[in-house]
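Take a look at the structure below.
Numbering (this note's numbering), first residue to last: 103 to 211.
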């Protein structure tokens with residue numbers, strides 16, 4: 103009689119553990135293979151849009167405003183070496199200028 107109880111208990115326990123392990127593997131595989139719509143960017147890969155920034159108050163050697171392409175987000179500081187070799191820092195912003203570029207403000211020294 104004790105043998106029947108232990109045998110039945112062992113079978114039920116092993117069956118339950120097998121179902122639990124199978125459900126865990128199924129859930130892991132399902133999370134791993136999430137379907138992505140065509141043309142959509144996966145959530146794990148963050149793609150930054152390339153923006154063109156105008157460095158406010160900076161002029162190139164020919165007198166034209168300096169445009170700086172960057173994929174970095176707003177709030178980042180960049181260093182620009184002017185035509186005289188002087189290094190200046192600018193902070194990228196989300197402000198859009200009338201010409202369609204974004205503003206990069208000079209950081210006061």
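The beta carbon of each residue, even a glycine, is placed where N, CA and C say it ideally should be.
- Query: Within this structure, are the beta carbons of residue 185 and residue 162 separated by less than 8 Å?
  - Reply: In the chain shown, residue 185 corresponds to position 83, counting from 1. In the chain shown, residue 162 corresponds to position 60, counting from 1. Going by C-beta atoms, residue 185 is nearer than 8 Å to residue 162.
Item to check | residue 204 versus residue 189: straight-line alpha-carbon distance, rounded | outcome: Taking the first residue of the chain shown as 1, we reach residue 204 at position 102. Taking the first residue of the chain shown as 1, we reach residue 189 at position 87. Cα to Cα, residue 204 sits roughly 21 Å from residue 189.
- Query: Near residue 158, which residues of its chain fall below 7 Å by C-beta distance, leaving aside the five closest residues on each side in sequence?
  - Reply: Indexing the chain shown from 1 puts residue 158 at position 56. Result list for residue 158: 205, 206, 207, 208, in chain order.
Note down the Cα distance separating residue 129 from residue 176, rounded to an integer number of angstroms. In the chain shown, the residue the question calls residue 129 occupies position 27. In the chain shown, the residue the question calls residue 176 occupies position 74. For residue 129 and residue 176, the distance between alpha carbons rounds to 38 Å.
Status (buried if at least 16 other CB within 10 Å, exposed otherwise) for residue 131
Within the chain shown, the letter at position 29 stands for residue 131. Counting Cβ neighbours within 10 Å, residue 131 comes out exposed, since fewer than 16 surround it.
Quiz prompt | For residue 199, the three-state DSSP class (helix, strand or coil) | solution = Translated into positions along the chain shown, residue 199 becomes position 97. Coil, per DSSP.
Any idea which residues DSSP pairs residue 180 with across the strands?
-> Here the question's residue 180 lines up with position 78 in the chain shown. Looking at the DSSP assignment, residue 180 forms a beta bridge with 192.
query: Taking 8 Å as the CB-CB cut-off, is residue 120 touching chain C?
result: Checking the listed chains, one finds no chain C in this structure; it contains a single protein chain.
Are the CB atoms of residue 173 and residue 194 nearer to each other than 8 Å? Taking the chain shown and counting its residues from 1, one reaches residue 173 at position 71. Taking the chain shown and counting its residues from 1, one reaches residue 194 at position 92. It is not a contact, given that the beta carbons lie outside the stated cut-off.
Does residue 156 pass the burial test, meaning 16 or more other C-beta atoms within 10 Å, or should it be called exposed? Walking along the chain shown from the start, residue 156 turns up at place 54. With 16 or more Cβ atoms within 10 Å of its Cβ, residue 156 is classed as buried.
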